[in-house]
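Shown next, in structure tokens, is the structure this report addresses.
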Amino acid sequence: MRILHLLHQYLPEKVGGTELYTRSLAQQQVVQGHSVAIFAPAGQDSTGLEPAVEEGVRVYRVGVGGRSPTAVFASTFHHPQLHHAFARVLQQEQPDVVHIQHLMGLPASLVTQIQVPYVVTLHDFWWVCANAQLLTNTTQELCAGPQLFVNCGRCALARAGLPPVLPAALPAALPLAARNRRLRLVLAAAGRLIAPSAFVGQWYAAHGVPTERLAVVPHGLDYPAVCGGQGQEVGGKRPFLIGYIGGISPQKGVHHLVQAHQSLNDSELWIAGDTQFDPAYTARLQQLATPSVHFRGKLNRDAIWEMLHQLDLLVVPSIWYETFCLVISEAFAAGVPVIAFNLGAMAERIRHGQDGLLLPPGDTQALAQTLQTLQQNPAQLAQLRAGIQPVPTMAQHTLQIMAHYEYEQ
Numbered sequence: 000m001r002i003l004h005l006l007h008q009y010l011p012e013k014v015g016g017t018e019l020y021t022r023s024l025a026q027q028q029v030v031q032g033h034s035v036a037i038f039a040p041a042g043q044d045s046t047g048l049e050p051a052v053e054e055g056v057r058v059y060r061v062g063v064g065g066r067s068p069t070a071v072f073a074s075t076f077h078h079p080q081l082h083h084a085f086a087r088v089l090q091q092e093q094p095d096v097v098h099i100q101h102l103m104g105l106p107a108s109l110v111t112q113i114q115v116p117y118v119v120t121l122h123d124f125w126w127v128c129a130n131a132q133l134l135t136n137t138t139q140e141l142c143a144g145p146q147l148f149v150n151c152g153r154c155a156l157a158r159a160g161l162p163p164v165l166p167a168a169l170p171a172a173l174p175l176a177a178r179n180r181r182l183r184l185v186l187a188a189a190g191r192l193i194a195p196s197a198f199v200g201q202w203y204a205a206h207g208v209p210t211e212r213l214a215v216v217p218h219g220l221d222y223p224a225v226c227g228g229q230g231q232e233v234g235g236k237r238p239f240l241i242g243y244i245g246g247i248s249p250q251k252g253v254h255h256l257v258q259a260h261q262s263l264n265d266s267e268l269w270i271a272g273d274t275q276f277d278p279a280y281t282a283r284l285q286q287l288a289t290p291s292v293h294f295r296g297k298l299n300r301d302a303i304w305e306m307l308h309q310l311d312l313l314v315v316p317s318i319w320y321e322t323f324c325l326v327i328s329e330a331f332a333a334g335v336p337v338i339a340f341n342l343g344a345m346a347e348r349i350r351h352g353q354d355g356l357l358l359p360p361g362d363t364q365a366l367a368q369t370l371q372t373l374q375q376n377p378a379q380l381a382q383l384r385a386g387i388q389p390v391p392t393m394a395q396h397t398l399q400i401m402a403h404y405e406y407e408q
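Position one of the sequence shown corresponds to residue 0 (numbering that gives the first Met the number 0), numbered consecutively onward.
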């Protein structure tokens with residue numbers, strides 16, 4: 000099958016969950032005998048496409064230069080350069096199916112050029128929430144979604160550094176409502192809408208997406224052959240080792256973990272993530288941290304696996320709606336139980352009391368008590384480790400995705 004993936008940005012210029020997922024899926028599709036290409040805008044200035052072959056995947060990057068958030072938003076409505084470039088790639092590739100991974104900063108009308116079936120993966124909430132994460136720019140609190148788009152107007156004003164007052168929010172809401180109307184047409188014409196978790200699928204269904212075309216397909220994982228649920232032996236003389244792997248930002252809730260860890264003795268907390276992403280927040284964490292907290296910085300994949308195999312426990316303290324949370328899969332693949340807040344996709348990824356524990360969102364005291372309990376009860380921790388089930392591989396996931404492609408043929 001000839002497959003074309005369409006997304007808003009790509010590696011190595013931009014590194015995020017959607018980009019990494021797209022690369023893994025495309026490479027696995029090549030391994031399984033398919034002809035695969037990727038189309039994405041690039042930040043560098045360029046007048047045309049820059050095709051390259053990477054691990055058997057043809058990657059088309061169209062240079063659009065640096066764009067402000069306003070320009071990215073405006074591209075939803077009009078971008079002739081991207082239209083022309085995408086038309087060229089469609090003509091050259093002649094795909095049997097187009098897989099839309101993300102359309103942020105791409106004109107929604109691109110889909111009118113697609114004369115073959117297309118599917119959409121709902122990686123986040125962007126198709127309804129222009130912020131993509133259901134977090135307000137005004138208070139950084141969880142949002143239920145558009146309320147006549149007035150609250151969205153407030154968010155847009157706050158992001159632009161303007162007072163989010165009602166008189167200004169009303170006119171700001173109009174282009175946001177127009178944006179959503181365009182994106183709904185894209186979703187309405189898709190042959191399949193793929194959600195990485197039941198939570199995401201249910202959220203989109205509640206916001207008007209046709210349920211008959213929604214399919215929940217959890218992500219697979221590429222992991223080393225040495226992974227297989229071995230984990231670390233519980234007990235011994237070494238400190239009780241707790242880990243966090245992910246973004247260093249307020250919505251990830253790392254402060255709850257650092258505060259909870261203050262109550263533990265003979266324990267270390269390893270934090271792996273980009274400390275330069277939000278320097279002010281990192282400084283706050285460092286002020287809260289005891290000497291037993293170690294900031295390990297941003298780790299490559301090999302270093303992440305090495306770290307996981309040393310942990311007794313991984314904590315995912317996110318206080319926003321995770322849509323899948325790949326690090327949970329990584330922990331399980333390494334045989335490490337997970338503690339998380341009972342929120343979003345984390346609530347379905349972790350089987351409470353079997354392979355991890357779910358706590359009330361944002362409850363630092365409950366987190367501290369749980370960490371103490373597991374440190375003092377190695378048998379309970381061993382029981383959680385024994386309850387971890389095999390993690391689906393990327394090869395298995397790809398077969399599921401291909402089944403949805405073939406359904407549309």
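For glycine and all other residues, C-beta sits at the position ideal for the given N, C-alpha and C. Computed from a prediction, not measured in an experiment: that's the story for all the values here.
- The three-state reading of DSSP puts residue 40 in strand, counting E and B together.
- The shortest CA-to-CA distance from residue 349 to any of 316, 32, 396 is the one to 316.
- Leaving aside the five residues that flank residue 293 on each side, the residues in its chain whose CB is nearer than 8 angstroms to its CB run, in chain order, 267, 268, 269, 270.
- If you look at residue 303, you'll find it in the alpha helix (DSSP H) that goes 300-307.
- Per the DSSP secondary-structure output, residue 34 pairs in a beta bridge with 1.
- Taking a contact as a CB-CB distance under 8 angstroms, the pair residue 127 and residue 145 counts as one, their CB atoms being some 7 angstroms apart.
- With respect to the 8 angstroms criterion, residue 390 and residue 332 are classified as neighbours on the basis of their beta carbons.
- The DSSP assignment places 355-358 as complete runs of the beta strand (DSSP E) inside the region 353-403, in order along the chain (cut-off: 3 residues).
- Inclusion of residue 8 and residue 40 in the CB contact set at 8 angstroms is warranted, their separation being smaller than that value.
- DSSP places residue 202 inside the alpha helix (DSSP H), whose first and last residues are 197-205.
- In this structure, residue 310 lies away from residue 219, with their beta-carbon atoms at least 8 angstroms apart.
- Scanning its chain for C-beta atoms nearer than 6 angstroms, with the 5 sequence neighbours on each side dropped, one finds around residue 216 the residues 193, 399, in chain order.
- In the DSSP assignment, residue 267 falls outside any alpha helix (DSSP H) and lies within the beta strand (DSSP E) extending over 266-271.
- The Cβ atoms of residue 335 and residue 312 lie closer than 8 angstroms to each other.
- In this structure, residue 26 sits away from residue 58, with a CB-CB distance that is not shorter than 8 angstroms.
- The distance from the Cβ of residue 100 to that of residue 210 is about 21 angstroms, inconsistent with a contact at the 8 angstroms cut-off.
- Each of 386, 296, 153, 351 was checked against the Cα of residue 172, and the nearest Cα belongs to 153.
- The C-alpha of residue 34 is placed about 24 angstroms away from the C-alpha of residue 12.
- Here the C-alpha atom of residue 142 lies approximately 23 angstroms from the C-alpha atom of residue 276.
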